[in-house]
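Written out below as C-alpha cells is the structure these notes cover.
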Amino acid sequence: MHKVIIIGSGCAGLTAAIYAARADLHPLVLDGYEPGGQLSLTTMVENFPGFPDGILGPELIENSRKQAQRFGAEFQSGAVTSVDLSRTPFTVVAGKETYETQSLIIAAGASARMLGIESERHLLGHGVSTCATCDGFFFRGKDIIVVGGGDTAMEEATFLTKFAKKVTLLHRRNEFRATKIMLDRAHANEKIEFLTPYVIEEVHDVNSKSVEKVRIRNTDTNVTSEIETSGVFVAIGHDPNTKLFKGQLAMDENGYLITHDGPKTNIEGVFAAGDVQDHHYRQAITAAGSGCMAAIEAERFLERHRG
Ligand code: NDP
Numbered sequence: 006m007h008k009v010i011i012i013g014s015g016c017a018g019l020t021a022a023i024y025a026a027r028a029d030l031h032p033l034v035l036d037g038y039e040p041g042g043q044l045s046l047t048t049m050v051e052n053f054p055g056f057p058d059g060i061l062g063p064e065l066i067e068n069s070r071k072q073a074q075r076f077g078a079e080f081q082s083g084a085v086t087s088v089d090l091s092r093t094p095f096t097v098v099a100g101k102e103t104y105e106t107q108s109l110i111i112a113a114g115a116s117a118r119m120l121g122i123e124s125e126r127h128l129l130g131h132g133v134s135t136c137a138t139c140d141g142f143f144f145r146g147k148d149i150i151v152v153g154g155g156d157t158a159m160e161e162a163t164f165l166t167k168f169a170k171k172v173t174l175l176h177r178r179n180e181f182r183a184t185k186i187m188l189d190r191a192h193a194n195e196k197i198e199f200l201t202p203y204v205i206e207e208v209h210d211v212n213s214k215s216v217e218k219v220r221i222r223n224t225d226t227n228v229t230s231e232i233e234t235s236g237v238f239v240a241i242g243h244d245p246n247t248k249l250f251k252g253q254l255a256m257d258e259n260g261y262l263i264t265h266d267g268p269k270t271n272i273e274g275v276f277a278a279g280d281v282q283d284h285h286y287r288q289a290i291t292a293a294g295s296g297c298m299a300a301i302e303a304e305r306f307l308e309r310h311r312g
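Going by our numbering, the sequence shown opens with residue 6, and the numbers climb by one from there.
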C-alpha cells in the first residue's frame with residue numbers, strides 16, 4: 006500500500022515527488038508514455054528562475070528527478086493502463102503491476118498535437134517547435150511559419166511578431182476556428198501574413214538538422230510549392246492525457262481535469278497538477294508550482310485520514 010502515487014514525470018510530477026518525498030511519504034512515480042514530459046522534448050529553457058544562463062530541458066528534468074530520488078521517491082517506468090477511483094484505497098494498473106494507494110496525484114500532462122509528418126518529428130527542437138513562449142526568442146529577425154487556425158495559433162503568431170521579421174500563418178481551411186477578437190488582432194498585425202488553404206507536406210532539411218524551407222500543398226487545388234522559412238511552430242492544439250479518467254473524474258469539454266481549491270479534483274484524495282488541468286498557462290514553472298500544491302494537499306489529506 007502506497008501513501009501517494011504520482012502519475013507522470015514531467016515538471017509537475019517531479020516537483021510533487023520532491024515535496025512528497027521530503028514529507029516522508031515515499032511517493033511512487035509512474036513515468037508514463039513520455040518520461041520527463043514536454044520539457045524533455047525542448048532544448049534551452051531560458052525562463053525557469055534560477056538559471057541565469059538557461060538550462061537544457063532534459064537536464065532540468067534529470068536534475069529534478071535526482072532531487073526527488075535523493076529524498077526517497079521511487080520511480081517505475083511504464084504507462085498506466087487503468088485506474089479505479091471508485092473506492093479507497095485507489096488502484097492503479099501499470100503494465101503487469103497493480104498498485105494500491107491512499108492518495109493519487111495526476112500529473113500526466115498534455116501532448117501537443119503534431120502534424121504527423123516524419124520530417125517534423127526529426128526537426129522538433131531544431132527549428133520545429135510547439136511552444137512560442139519557450140522558443141520564440143531563438144527566431145529574432147527570422148521568417149517563421151505558424152500552423153493552425155484556432156486561438157492558440159493566433160496567440161502564438163501574435164506573440165512571435167515580437168521576435169520574427171515576418172510570421173506566416175498557415176491554415177488548412179479558409180475559415181478559422183479562432184475567436185473573432187483573436188483573429189482580428191492577428192489580422193491587424195502588419196507582421197502577420199495569412200496563407201490559406203494550405204497544409205505542410207514536408208519540412209526541410211532533416212540532414213542539416215535545421216529548418217530551411219517547407220513544401221506546402223493548396224488543399225483546394227492540390228498544387229504544391231515551396232517556401233523558405235527558419236522555423237515552424239505547430240499550434241494545432243493540445244490533448245490532455247486524461248482518457249484513463251473518463252467517467253471517474255470531472256473534466257471540461259476538451260478533456261482537461263477540473264480542479265477546485267488549487268489541485269483538488271471531484272474525488273477526495275485525488276489531486277491534479279500541471280497541464281492535465283491547465284490549458285491556460287502551460288509553463289514549466291506553473292506546472293512545477295501546481296505539483297508542489299498537489300503534494301502539500303496530499304500530505305494534509307493523509308494527515309486528516311491517518312489511522
Ligand atoms: P483548436 O482545437 O481550437 O484549434 C486547432 C486548430 O488547428 C484548428 O484550426 C484546426 O483546423 C487545426 N488543426 C488541427 N489538426 C490539424 C492538422 N492535423 N493539420 C493542420 N491543422 C490542424 O485548438 P487551440 O489550441 O487553438 O485552442 C484550444 C482551446 O483553448 C480553445 O477553446 C481556445 O479558445 C482556447 N484558447 C484560448 C486562448 C485565449 O483565450 N487567450 C488562447 C489559446 C487557446 P480546423 O479548424 O480545420 O479543424
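Backbone N, C-alpha and C fix where the C-beta goes; we use that ideal spot for every residue, glycine too.
- Remark: the shortest separation between the CB of E207 and any heavy atom of the ligand NDP does not fall under 7 Å.
- Take the alpha-carbon of L307 and the one of S108: they are about 7 Å apart.
- Contact annotation, P245 with V281: C-beta distance approximately 5 Å; criterion of less than 8 Å satisfied.
- Not one heavy atom of the ligand NDP lies closer than 7 Å to the C-beta of T138.
- Sorted by position in the chain, R118, L120, G121, V152, G153, G154, G155, D156, T157, A158, E160, H176, R177, R178, F181, R182, A183, T184, M187, V204, A240, I241, G242, H243, N259, H284 make up the residues whose C-beta lies under 7 Å from a heavy atom of the ligand NDP.
- Assignment of H176 by DSSP, reduced to helix, strand and coil, places it in the coil class.
- Judged by DSSP in its simplified three-state form, D148 adopts strand.
- Excluding residues up to 5 positions away in sequence, H131, G132 lie with their Cβ nearer than 7 Å to the Cβ of S215 in the same chain.
- Counting the other CB atoms within 10 Å of its CB gives I221 a total of 16 or more, which places it among the buried residues.
- Only buried fits H176, as 16 or more other CB atoms lie within 10 angstroms of its CB.
- K8 counts as buried, since no fewer than 16 other beta carbons sit within 10 angstroms of its beta carbon.
- When secondary structure is reduced to three states using DSSP, S108 falls in the strand class.
- One Cα belongs to R118, the other to R126, and the distance between them is close to 12 Å.
- Inclusion of G114 and A99 in the CB contact set at 8 Å is not warranted, their separation being larger than that value.
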